[in-house]
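Everything below concerns the one structure shown next.
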Amino acid sequence: MSERASKFGWLPEHGTVLTTAEYLRTAESLRVQELVYGTLHVADSPSPKHQQLLFDLAVLLKVFVTQHKLGTVWIAPLDVILDPAQALIVQPDLFFISRRRQHIVTDHVWGAPDMVLEVLSPHPRIGELDERIRWFAQYGVRECWLVHQMTEDIEILQLGGGIKRKTFRNLQSLESTVLPDFRLAPAVIAAWR
33 MSERASKFGW LPEHGTVLTT AEYLRTAESL RVQELVYGTL HVADSPSPKH QQLLFDLAVL
93 LKVFVTQHKL GTVWIAPLDV ILDPAQALIV QPDLFFISRR RQHIVTDHVW GAPDMVLEVL
153 SPHPRIGELD ERIRWFAQYG VRECWLVHQM TEDIEILQLG GGIKRKTFRN LQSLESTVLP
213 DFRLAPAVIA AWR
């Protein structure tokens, strides 16, 4: 097993093969990393634009979810264990877990969030997007928001019973089945103004 020393333990390198148990024993880290069927994938550092979009959306969603007592909003890096037996652990940029499903949050997130949000970079940071969407759908994520940095739009995918896509641009207000009363037009996001 390839290792890198850390003040708090060991950090395996990109490409290291690990079980779920081994992965969960690694040092706590702020780097975005995922375990894809037992192989560790470490992301490059995100761009400032990526982080600004993520922060803007996290604040807006956190305020809405908290005011309406709907659940919790989380941001990466935080492990979401989709399949412990298959060693599939992801770290979506942002995700929402409804109040009734808070039991999946313990020492890690053990199961699929209700909604995930990915800020898409010109150069993908970890894995192929289509593959990630398949995992989200397979393991029970109800909705996936894709934030397109370059085109400044947000695509919402309904994942239950086949994938339905709808793209929202400019002043079009988002339509979410997971957060039906949440209103936001892409044009008002601070990072895009």
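Residue numbering for the sequence shown follows our numbering, starting at 33 and increasing by one per position. Heads up, the beta-carbon is just placed ideally off N, CA and C, and yes, glycines get one too.
Query, Result
"Sorted by chain position, which residues of the same chain lie with C-beta nearer than 7 Å to alanine 37's C-beta, five sequence neighbours on each side aside?", "Low local confidence applies: a pLDDT of 42 at alanine 37 is under 50, so the model's placement there is unreliable, with the coordinate-based value given in what follows. So the list is empty, once near-sequence residues are dropped."
"To which residues of the same chain is threonine 71 closer than 7 Å at the C-beta, ignoring the five residues directly before and after it?", "Gly47 and Val49"
"Does any C-beta atom of chain B lie closer than 8 Å to the C-beta of glutamine 84?", "Absent here is chain B; the protein component of the structure consists of one chain."
"Report the three-state DSSP secondary structure of lysine 101 (helix, strand or coil).", "coil"
"To which residues of the same chain is isoleucine 165 closer than 8 Å at the C-beta, ignoring the five residues directly before and after it?", "Cys176, Leu189, Leu191 and Ile195"
"Roughly how many angstroms lie between the CA atoms of histidine 100 and valine 148, to the nearest whole one?", "19 Å"
"Are the segment 80-90 and the segment 135-143 touching, with three or more C-beta to C-beta distances below 8 Å?", "no"
"Would you call the CB atoms of tryptophan 167 and valine 210 closer than 8 Å?", "no"
"Near leucine 110, what residues of its chain come up, given a Cβ to Cβ distance below 7 Å and the 5 sequence neighbours on each side ignored?", "Gln123 and Val141"
"Would you give the residue range spanned by the beta strand (DSSP E) that glutamate 232 belongs to?", "The question about residue 232 has no answer here: the residues shown for the chain are numbered 33 through 225."
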